[in-house]
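Asker:
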Amino acid sequence: MASRTALKQLLNRRAVATWTPVRSAGFSTMAKVLHQHQPPRTPNTSQDPSGTQSTQTHFGFQNIPEDMKETLVRQVFANVATKYDIMNDVMSGGIHRLWKDHFIRTLAPTSGTKLLDVAGGTGDIAMRFLDYCKETHGDNTAQVTVFDINPNMLEVGKERFSKTPYHNTSQVSFMEGNAEKLEHIPDNSMDAYTIAFGIRNVTHIDRVLKEAYRILKPGGRFMCLEFSKVENPLISKVYDVFSFEVIPTMGHIIANDRDSYQYLVESIRKFPPQKEFAKMIKDAGFTIMGQGYEDLTFGVAAIHSGFKL
Amino acid sequence: HPPTGKLYEHHIPISPIQRALLAVGSAFTALYNPFRGDMVAALGETTGGIFLSRIRDQMLQDPEGRRILKERPKITSETMQLDKLRQLPDGTFGREYVRFLDDQQVSPDTREPVCFVDSEELAYVMQRYRETHDFYHTLTGLPVTVDGEIALKWFEMMQTGLPMTMLSSFFGPLRLTSAERERLFDVYVPWALENGSNSKSLMNVRWEEWMDRPVEEVQRELRVQPCPQA
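Each protein sequence line maps, in turn, to chains A and B. Everything in the first sequence is counted per full-length UniProt numbering, starting at 1 for the first residue and increasing by one. Everything in the second sequence is counted per full-length UniProt numbering, starting at 1 for the first residue and increasing by one.
(1) Are the C-beta of residue 45 (chain A) and some C-beta of chain B separated by less than 8 Å?
(2) With H, G and I counted as helix, E and B as strand and the rest as coil, what does DSSP make of residue 301 (chain A)?
(3) Name the one or two DSSP bridge partners that residue 90 (chain B) has.
(4) Taking a Cβ distance cut-off of 9 Å, strictly less, list which residues of the segment 218-251 of chain A are near chain B, in chain order.
(5) For residue 73 (chain B), which of helix, strand or coil comes out of DSSP?
(6) Flag residue 52 (chain B) as yes if its beta-carbon sits less than 8 Å from any beta-carbon of chain A, otherwise no.
(7) Tell me which residues of the segment 253-283 of chain A have at least one Cβ-Cβ distance to chain B shorter than 9 Å, keeping chain order.
(8) I'd like to check one pair, residue 191 (chain A) with residue 130 (chain A): are the Cβ atoms closer than 8 Å?
(9) Do residue 117 (chain A) and residue 125 (chain A) have their beta-carbon atoms positioned less than 8 Å apart in this structure?
(10) Taking 8 Å as the CB-CB limit, is residue 68 (chain B) close to chain A?
(11) In this structure, does DSSP put residue 133 (chain A) in helix, strand or coil?
(12) Find the residues of chain A that neighbour residue 25 (chain B), judging by a C-beta separation of less than 9 Å, and give them in chain order.
(13) With a threshold of 8 Å between beta-carbons, can residue 39 (chain B) be considered close to chain A, or not?
(14) Apart from the five residues just before and just after residue 164 (chain B), which ones in its own chain have a Cβ nearer than 6 Å to its Cβ?
(15) What whole-angstrom Cβ distance do residue 92 (chain B) and residue 226 (chain B) have, given they're in contact under 8 Å?
(16) So if DSSP puts residue 221 (chain A) in a beta bridge, which residue, or which two residues, is it bridged to?
(17) I need the DSSP call for residue 105 (chain B), collapsed to helix, strand or coil.
(18) Taking 8 Å as the CB-CB limit, is residue 304 (chain A) close to chain B?
(19) Determine the extent of the beta strand (DSSP E) in which residue 275 (chain A) is found, giving its start and end residues.
(20) Looking only at its chain, what residues have a beta carbon closer than 6 Å to the beta carbon of residue 231 (chain A), apart from the 5 residues adjacent to it on each side?
(21) State the beta-bridge partners of residue 295 (chain A) as determined by DSSP.
(22) Residue 117 (chain B) and residue 52 (chain B) look like a contact to me (Cβ under 8 Å); what is the Cβ gap, rounded to whole Å?
(23) Is there at least one Cβ from chain A nearer than 8 Å to residue 29 (chain B)'s Cβ?
(24) Would you mind telling me which residues of chain A sit closer than 8 Å to residue 22 (chain B), beta carbon to beta carbon, in chain order?
(25) What residues in its chain sit with their C-beta under 8 Å from that of residue 218 (chain A), if we drop five residues either side in the sequence?
(26) From the DSSP output, which residues share a beta bridge with residue 311 (chain A)?
(27) State whether the segment 201-221 of chain A contacts the segment 242-259 of chain A, with contact taken as three or more CB pairs (one from each stretch) at a distance under 8 Å.
(28) For residue 118 (chain A), report the span of its alpha helix (DSSP H) as first-last.
(29) What first and last residue would you give for the alpha helix (DSSP H) that runs through residue 62 (chain A)?
(30) In angstroms, rounded to a whole number, what distance separates the CA positions of residue 260 (chain A) and residue 73 (chain A)?
(31) Roughly how many whole angstroms lie between the Cα atoms of residue 113 (chain A) and residue 152 (chain A)?
(32) Between residue 15 (chain B) and chain A, is any beta-carbon pair separated by less than 8 Å?
(33) With 8 Å as the threshold, decide whether the Cβ of residue 127 (chain B) is near any Cβ in chain A.
(34) Distance cutoff 8 Å, beta carbons only. Does residue 18 (chain B) sit that close to anything in chain A?
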């Protein structure tokens with residue numbers, strides 16, 4: 001939907017109440033697309049081995065055909081990319097920064113570590129990784145590949161890195177692709193694999209874990225930072241109110257996008273809880289230590305970790 | 001979980017907490033950045049409340065207003081037949097209205113839809129209020145500068161009492177230069193106070209049927225004097 005007047009005229013003359021913001025195809029368009037793709041509900045009279053219904057999966061609290069999820073998630077992150085960092089600060093009161101700091105300290109990378117940071121988009125983890133190696137070991141041979149399915153998020157990341165000393169060095173590179181199929185990454189090639197606040201958006205978690213296992217060197221470490229389940233019933237209630245009342249409203253006010261943030265908070269509730277996810281990591285072949293996870297902020301987030309041995 | 005179901009096409013039912021948050025948040029955002037039309041719209045809708053009911057009741061007491069509520073006309077470039085309006089003689093309301101649209105390079109088609117009003121009829125009232133705004137410019141002669149819009153908000157405040165108009169009227173001037181503020185309070189506001197209260201209630205006007213009449217005649221019948229440009 002185009003804005004009503006050219007921006008220059010807008011600044012000079014037009015004010016208030018009559019300007020429509022530029023908005024890329026938002027959720028209402030997606031909802032229409034979804035509706036068209038729903039398989040018709042006809043009684044299955046003939047024996048059709050291939051089946052007439054495509055597999056369904058969840059998209060937040062909605063059920064959708066599996067092959068649509070990737071498109072919809074891509075749309076969400078294209079919409080939120082430019083305001084992603086601001087919204088993270090607003091939604092978590094800045095706590096996400098502490099989580100990410102702790103995440104990298106837990107990884108404790110050594111000099112020369114090669115990291116694949118999946119769903120790395122705007123570069124928060126990659127930046128901290130390189131800073132840690134520089135500050136703790138005086139090292140600048142560590143390398144990180146920032147990998148993301150969404151080009152808009154990668155653009156924001158490239159923009160941020162362009163203002164750092166890592167710009168135009170071999171320490172950081174950017175790659176667009178699908179975490180379920182790490183096509184150009186050879187087996188046994190990475191020392192570490194991180195995925196922060198990305199895995200709950202994928203269609204097939206098990207495929208992502210298998211790919212992570214494949215590309216890690218023996219002795220390599222898989223680490224995941226993700227929203228998780230709050231066990232404490234009182235805190236859980238407060239968290240729910242905050243998630244469902246405050247966050248979509250803030251998304252609307254700050255980014256003019258209620259729907260994307262509604263999806264985000266719903267997708268958190270659909271992700272497997274800590275123990276279940278730890279089991280999935282084990283099933284992919286990783287060796288986990290102890291329970292395999294550490295709760296952060298009462299379970300609002302959790303760090304899961306496994307080794308390829 | 002939403003308190004009511006979806007009542008009309010663009011309806012987004014929200015809980016009382018969300019409504020309060022949105023009202024406050026949109027107020028600050030709209031003041032800070034008046035180009036966020038979506039925030040201005042959200043502010044009006046979350047604070048409209050009983051005032052929309054009052055406007056609707058006023059409309060019910062007037063025959064033309066009743067017809068509008070019954071027939072629910074929409075104002076789009078299609079329904080207004082802008083090409084036909086351009087053929088009208090100069091000085092007619094329709095011709096001047098289209099001249100205004102062409103000068104400003106705007107069209108009646110890109111208004112924000114109403115989302116946060118929990119009643120289908122009141123959502124229409126809000127929509128109608130928004131859609132008829134451009135006619136107010138033609139009627140009063142006020143330009144679409146920031147101070148012109150604020151002057152119109154004062155006028156609308158006298159007419160409708162909508163809190164949104166009050167907020168714009170009282171906080172909007174903070175964004176003006178002191179010269180603009182002086183003209184606003186010396187010329188525009190006294191005009192708005194007098195004309196806003198004396199005139200016929202403009203929500204009862206079926207503007208679509210007034211297009212071929214001269215502007216002065218429309219102003220006389222609606223009891224609105226054009227706003228003096230200082």
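We put the CB at the ideal spot given by N, CA and C, even for glycine.
Answerer: The answer reads as follows:
(1) For residue 45 (chain A), the predicted model reports a pLDDT of 42, less than 50, meaning its position is unreliable; a value from the coordinates is still stated below. For residue 45 (chain A), the answer is no, since every Cβ of chain B falls outside 8 Å of its Cβ.
(2) Residue 301 (chain A): strand per DSSP, three-state reduction.
(3) In DSSP, residue 90 (chain B) forms no bridge with anything.
(4) Within the segment 218-251 of chain A, the residues whose Cβ lies closer than 9 Å to some Cβ of chain B are 241, 244, 245, 246, 248, 249 and 250, listed in chain order.
(5) It is coil, neither helix nor strand.
(6) no
(7) If the cut-off is 9 Å between Cβ atoms, the segment 253-283 of chain A has 253, 254, 256 and 258 near chain B.
(8) The answer is no: Cβ separation not under 8 Å.
(9) Contact: yes.
(10) no
(11) helix
(12) Within 9 Å Cβ-Cβ: 249, 250, 252, 253 and 254.
(13) yes
(14) 43, 44 and 47
(15) Actually they do not touch by this definition, with Cβ atoms about 15 Å apart.
(16) A:192 and A:307
(17) In the three-state scheme derived from DSSP, where H, G and I count as helix and E and B as strand, residue 105 (chain B) is classed as coil.
(18) no
(19) Where residue 275 (chain A) is concerned, there is no enclosing beta strand (DSSP E), although the alpha helix (DSSP H) it sits in stretches over 274-283.
(20) 299
(21) A:302
(22) Contact between residue 117 (chain B) and residue 52 (chain B) holds: their C-beta atoms lie close to 7 Å from each other, under 8 Å.
(23) Output row for residue 29 (chain B): interface = yes.
(24) For residue 22 (chain B), the chain A residues whose C-beta falls within less than 8 Å of its own C-beta are 249, 252 and 253, listed in chain order.
(25) 188, 308 and 309
(26) The question about residue 311 (chain A) has no answer, for chain A in this structure spans 1 to 309.
(27) no
(28) Not the alpha helix (DSSP H): residue 118 (chain A) falls in the beta strand (DSSP E), residues 114-118.
(29) It is not in any alpha helix (DSSP H) - residue 62 (chain A) instead sits in the beta strand (DSSP E) that spans 62-65.
(30) Straight-line Cα distance between these residues: approximately 9 Å.
(31) 27 Å
(32) yes
(33) no
(34) yes
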